[in-house]
Amino acid sequence: PIDPNFEETRERVDDHEGHAVWGPVEEPERRGIHGTHVAVDFDVCLADGACLADCPVDVFEWVDTPGHPESELKADPAHEDQCIDCMICVDVCPVDAIDVDAG
Ligand code: SF4
Ligand code: F3S
Ligand code: ZN
Numbered sequence: 008p009i010d011p012n013f014e015e016t017r018e019r020v021d022d023h024e025g026h027a028v029w030g031p032v033e034e035p036e037r038r039g040i041h042g043t044h045v046a047v048d049f050d051v052c053l054a055d056g057a058c059l060a061d062c063p064v065d066v067f068e069w070v071d072t073p074g075h076p077e078s079e080l081k082a083d084p085a086h087e088d089q090c091i092d093c094m095i096c097v098d099v100c101p102v103d104a105i106d107v108d109a110g
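Under our numbering, think of the first position of the sequence shown as 8, with each following residue one higher.
Set out below in structure tokens:
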């Protein structure tokens, strides 16, 4: 599962489409965590797709991650600013790849 303390345990190494990327990133195997308020651990996500299907405000978009051992698509929190903290994505992800900081 994603480490909910990633802001303390990881370093912000990049930005992607306006959100943070928390390392380590070593492509293609390690892709880091994307987003901060809505954070997706790309190394845990296996492209189940429930988060994209169920988010009521369409926070997520698919991005390509060719060569990643778990899956070659990841759910990117492209519109994390729109999140309404319903926690549905956290509940439906089968591998606990998503952390939403609703505090
Ligand atoms: Fe979407 Fe709700 Fe998840 Fe926010 S908490 S990203 S609104 S499903
Ligand atoms: Fe990935 Fe979980 Fe969404 S596996 S696609 S973050 S439901
Ligand atoms: Zn991203």
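C-beta atoms are modelled at their ideal positions from N, C-alpha and C, and glycine is treated no differently.
- For residue 27, the enclosing beta strand (DSSP E) stretches over residues 26–29.
- Each of 82, 50, 93 was checked against the Cα of residue 75, and the nearest Cα belongs to 50.
- Boundaries of the alpha helix (DSSP H) harbouring residue 60: 57–61, taken from the DSSP string.
- Listed in chain order, the non-local C-beta contacts of residue 45 below 6 Å within the same chain comprise 66, 84, 87, 90, 107, local neighbours out to five positions each way being set aside.
- DSSP links residue 83 through a beta bridge to 68.
- Membership of residue 20 in the beta strand (DSSP E) is indicated by the continuous run 19–23.
- In the DSSP annotation of this structure, the continuous segment of the alpha helix (DSSP H) that includes residue 97 starts and ends at 95–99.
- The beta carbon of residue 69 lies closer than 6 Å to those of 80 in the same chain, with the five residues before and after it left out.
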